[in-house]
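Quick note on numbering: the sequence shown equals residues 1 to 159 in the UniProt record's numbering. Working notes, beginning with the structure itself.
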Amino acid sequence: MNIIDEIGILAISTRLQRLSEQLRKDGAQIYSYFNIDFEPKWFPVIYTLHVKEMLSVVEIASEIGYSHPSTISLLKELEKEKIISSKKDKQDERKRLIILTAKGKELVSKMQPVWSIMTKALNEITNTQNNLLRAIEEAEQNLTRQGFFQKAIEIKSKD
């Protein structure tokens, strides 16, 4: 056990980041094993467009829970790879509508069987006594009610 593991809750951000990096690295390895040229960081955008078909940049950012600049950066990468394309909204010229290209749709059809395998593997990994996904959802709900910063300030003011 290393020091980060030993200090417990104080290192939760570091541990979640470590877990996220491990899952992302293994995810990339799984895609590679199945001969799919895909970056795991593209997943939220690709999956959202697969389900919703056509969305504005703002709608995609909202759906995936990323900031507008982070979303734009991902979209630029996907457009460069010709996985998505954009067109101006006829009702609002300032708005860009994003869709999967034929290449993007083909990529999704190759990935769907792999997503099924990944879902089963992740369910087995996370289905522990303290189910990880449920715990994350509960923590996210708590943060929605009151952020970490606000909670810390509230505790300080009670001292």
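Cβ coordinates follow ideal geometry from the N, Cα and C atoms, glycine included.
DSSP beta-bridge partners of residue i
| i | result |
| --- | --- |
| S62 | DSSP output for S62 lists no bridge partner at all. |
| I99 | M54 and S85 |
Close-in-space but distant-in-sequence residues of the same chain around residue i (CB under 6 Å, 5 per side omitted)
| i | result |
| --- | --- |
| S86 | R96 and I98 |
| I153 | none |
| M54 | L97 and I99 |
Contact set for residue i: own chain, Cβ-Cβ below 8 Å, skip 5 residues either direction
| i | result |
| --- | --- |
| L75 | V45, V57, I60, I84, S86 and I98 |
| R24 | P40 and K41 |
Neighbourhood of residue i by C-beta, 7 Å cutoff - its chain only, sequence neighbours within 5 removed
| i | result |
| --- | --- |
| I30 | V114 and M118 |
Presumed contact (8 Å Cβ cut-off) between residue i and residue j, rounded CB distance
| i | j | result |
| --- | --- | --- |
| residue 160 | F38 | Because residue 160 is not part of the residues shown, which for the chain are 1 to 159, the question remains open. |
Quiz item: What residue ranges within the region 22-95 form continuous alpha helix (DSSP H) runs of no fewer than 4 residues, ordered along the chain?
Solution: 43-52, 57-64 and 68-80
Quiz item: Taking three-plus beta-carbon pairs below 8 Å as touching, is the region 67-87 in contact with the region 101-114?
Solution: yes
Quiz prompt | Uninterrupted alpha helix (DSSP H) stretches inside the region 102-141 (no shorter than 4 residues) | solution = 102-126
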